[in-house]
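Asks: Here's a structure for you.
2 protein chains.
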Amino acid sequence: MKSGKISNNVIRRLPRYLRKLDELNERGVTRISSFELGQQLGLTPSQIRQDFSCFGEFGQQGYGYHVSTLRGQIASILGTDRGYRAVLLGVGNIGHALMDNFCFSEWGFHLAAAFEVNPAIIGSTISGVLVRSMDELGSYLDENHVDVAVLAVPKEAAIPVTKELEAHGIEAIWNFTNVELTEPGSSTLVENVHFSDSLLSLSYFVSERNDERAAHAARAARQ
Amino acid sequence: MKSGKISNNVIRRLPRYLRKLDELNERGVTRISSFELGQQLGLTPSQIRQDFSCFGEFGQQGYGYHVSTLRGQIASILGTDRGYRAVLLGVGNIGHALMDNFCFSEWGFHLAAAFEVNPAIIGSTISGVLVRSMDELGSYLDENHVDVAVLAVPKEAAIPVTKELEAHGIEAIWNFTNVELTEPGSSTLVENVHFSDSLLSLSYFVSERNDERAAHAARAARQ
DNA sequence: TTGAAATTGTAAAATAGTTAACAAGGAGAG
DNA sequence: CTCTCCTTGTTAACTATTTTACAATTTCAA
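Structure, rendered in structure tokens:
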């Protein structure tokens with residue numbers, strides 16, 4: 007078992023492993039080798055073994071990995087058994103969609119409250135979660151332990167709301183705004199979901215493929 | 007200027023550069039050095055210069071980079087000036103939120119149509135885009151050139167809809183479902199927006215921090 | 001019970017990515 | 001116009017990540 011700091015790349019692969027293991031579980035697969043897991047995920051078997059070995063010895067020689075056991079171990083590494091509490095800031099389209107569709111509890115999170123400025127929806131309950139006034143945010147955070155804030159407010163509100171969150175002890179933000187929250191000095195953990203970054207990457211790969219095809223066609227035409 | 011394949015890491019940083027340059031533009035900043043850009047993004051100046059140098063020489067010695075020129079060059083590298091056409095599959099919460107809130111045109115995309123199975127919303131127009139029946143998908147794709155499909159259907163529909171998209175010539179998918187679409191054999195470009203992966207990574211980092219604190223507290227108590 | 005086949009965990013090698021260092025050239029003050 | 005300072009692009013050194021290779025161990029068929 008490797009010790010010391012685990013690399014970011016490894017961490018980012020863990021949720022993918024978890025997702026695949028869930029799928030295998032559902033399909034009734036009880037054991038899997040690093041070779042087959044690699045095939046299904048497009049990774050090399052050694053990378054998978056190397057990744058797992060950062061955290062312990064989860065497999066068995068000559069057998070492979072027991073799917074549901076491994077699933078549990080990865081889930082635990084990711085902290086899904088710690089019962090983290092979250093609050094949602096901003097019940098606009100995205101916030102609302104998260105409340106309706108995203109199953110926080112599936113990943114061990116409890117969405118305890120939501121906060122909005124629009125009086126039309128303050129006081130309503132969405133998917134079992136009460137929407138409170140943004141004015142109550144500070145006092146709520148003072149009185150309740152919250153591990154993660156889900157930031158889904160409009161662009162303009164992102165910085166002021168973040169400041170208030172930090173002032174009331176929030177140390178982790180799941181950021182759905184397009185704003186770069188990561189401040190040089192700050193120790194707050196920020197995880198960004200930047201839709202536009204994702205689409206732009208795809209745009210690059212599409213362009214690259216188109217360019218390659220055009221170049222190929224041009225070469226063919228010249229001969 | 008470097009030649010050959012550009013690394014994935016570089017591509018993933020380009021949208022962040024673009025975002026920062028847009029912000030600088032709005033603030034009226036006209037020039038910036040790699041040093042200052044690095045400060046603001048938490049990257050080293052050499053990495054920034056190295057990244058840009060993959061695509062050409064955009065700076066000027068003794069001066070730095072001209073913000074709006076550089077912005078345009080990166081936007082062009084990412085393909086935002088190619089007028090890609092997109093269609094949306096699934097007008098549920100996420101799909102609807104994308105139509106209302108995500109500004110496709112800001113990134114050079116044109117959202118040409120949306121497709122749904124729910125008869126209650128088929129025929130309606132959302133943010134200027136007509137919602138069509140999913141039954142029309144195949145014929146629409148045969149008659150209209152589409153570069154990217156935005157997949158926001160329920161989990162169960164992800165695979166069949168993807169198969170139909172591919173059967174009608176779609177080669178790039180922006181995937182909002184929690185399903186792993188990347189098939190070993192397929193050449194379709196898939197860009198995933200897996201909310202749960204993102205939250206789980208954050209969960210890991212929160213857990214890591216908590217563990218470090220607990221260990222620190224235990225060490226302090228022992229003395 | 002035995003032995004071939006399978007599969008892990010890890011050390012070492014190979015590859016990839018990041019940072020440091022610096023020559024070259026332009027900006028800007030006087 | 002000249003001189004100093006600034007900042008780039010790029011090469012080389014360094015660091016990190018991935019892959020290869022293999023001893024150790026277990027499974028499973030006969």
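Taken in sequence, the protein lines are chains A and B.
Using this note's numbering, you'd call the opening residue of the first sequence number 7 and step up by one each time.
Using this note's numbering, you'd call the opening residue of the second sequence number 7 and step up by one each time.
Ideal Cβ placement from N, Cα and C applies to all residues, glycine included.
Residues of chain A with CB under 7 angstroms from F201(B), in chain order?
Replies: Those are F108, V199, listed as they occur along chain A.
Asks: Just to confirm, are S40(B) and R55(B) a CB contact at a threshold of 8 angstroms?
Replies: Their beta carbons are under 8 angstroms apart, which means S40(B) touches R55(B) by this criterion.
Asks: Is the beta carbon of R37(B) less than 8 angstroms from the beta carbon of Y90(B)?
Replies: Not in contact: R37(B) and Y90(B) (Cβ atoms no closer than 8 angstroms).
Asks: With V73(A) as the anchor, note down where its alpha helix (DSSP H) starts and where it stops.
Replies: Start and end: 73-84.
Asks: Assuming F182(B) and L157(B) form a contact by the criterion Cβ under 8 angstroms, report the distance between their Cβ atoms to the nearest whole angstrom.
Replies: Contact flag correct, Cβ pair sits at about 6 angstroms.
Asks: How would you call V137(A), buried or exposed, if buried means at least 16 neighbouring beta carbons within 10 angstroms?
Replies: By the 10 Å Cβ count, V137(A) comes out buried.
Asks: Any contact of the segment 176-195 of chain A with the segment 147-166 of chain A, i.e. 3+ C-beta pairs under 8 angstroms?
Replies: As far as the Cβ criterion goes, the segment 176-195 of chain A touches the segment 147-166 of chain A, which means the pair count is three or higher.
Asks: Is any beta-carbon of chain B found at less than 8 angstroms from that of D57(A)?
Replies: Not closer than 8 angstroms to any Cβ of chain B, the Cβ of D57(A) fails to qualify, so no.
Asks: Among L47(B), E42(B), D87(B), which one has its Cα closest to the Cα of Y69(B)?
Replies: Answer by Cα proximity: E42(B).
Asks: How about Y210(B): is its C-beta nearer than 8 angstroms to some C-beta of chain A?
Replies: Output row for Y210(B): interface = yes.
Asks: Can you pull the chain A neighbours of I165(B), defined as C-beta to C-beta under 7 angstroms?
Replies: Going along chain A, no residue has its Cβ under 7 angstroms from I165(B), so there is no contact; the nearest lies around 11 angstroms.
Asks: Tell me whether H102(B) is buried or exposed, calling it buried when 16 or more other Cβ atoms sit within 10 Å of its Cβ.
Replies: So H102(B) ends up on the buried side.
Asks: What distance in whole Å lies between the Cβ atoms of L195(A) and A178(A), which are believed to be in contact at a cut-off of 8 angstroms?
Replies: Right, the Cβ-Cβ distance comes to about 4 angstroms (below 8 angstroms), so this counts as a contact.
Asks: So, is the C-beta of V137(B) closer than 8 angstroms to a C-beta in chain A?
Replies: No, no contact with chain A.
Asks: Take K26(B) and list the residues in its own chain whose beta-carbon comes closer than 8 angstroms to its own, dropping the five residues that flank it on each side.
Replies: Within the same chain, K26(B) has close Cβ partners L43, Q46, L47.
Asks: Which stretch, first to last residue, makes up the beta strand (DSSP E) that contains V35(A)?
Replies: That residue, V35(A), is in no beta strand (DSSP E); it is neither H nor E in DSSP.
Asks: Smallest Cα separation from A81(B): which of A223(A), H222(A), R225(A), L208(A)?
Replies: Closest by alpha carbon: L208(A).
Asks: Ignoring anything shorter than 3 residues, give me the beta strand (DSSP E) runs that lie fully in the segment 111-183 of chain A, in order along the chain.
Replies: Here the runs fully enclosed are 116-122, 135-139, 154-157, 178-181.
Asks: Measure the C-alpha to C-alpha separation of D141(A) and D203(A) and round it to an integer number of angstroms.
Replies: When rounded, the distance between both Cα atoms is 32 angstroms.
Asks: Looking at C-alpha atoms only, which residue of E172(A), Q229(A), G191(A), V212(A) is the closest neighbour of I83(B)?
Replies: Looking at the Cα atoms, V212(A) is the closest of the given residues.
Asks: May I have the straight-line CA-CA distance separating C60(B) from I12(B), to the nearest angstrom?
Replies: C-alpha separation (whole angstroms): 7 angstroms.
Asks: Use the C-beta contact count for E32(B): other C-beta atoms within 10 angstroms, 16 or more gives buried, fewer gives exposed.
Replies: E32(B) comes out exposed.
Asks: Since V154(B) meets chain A, which of its residues come closer than 9 angstroms, beta carbon to beta carbon?
Replies: Ordered by position in chain A, the residues that pass the 9 angstroms Cβ test against V154(B) are L205, L208, S209, V212.
Asks: Do we get a CB-CB distance below 8 angstroms when we pair A119(A) with the residues of chain B?
Replies: Not an interface residue.
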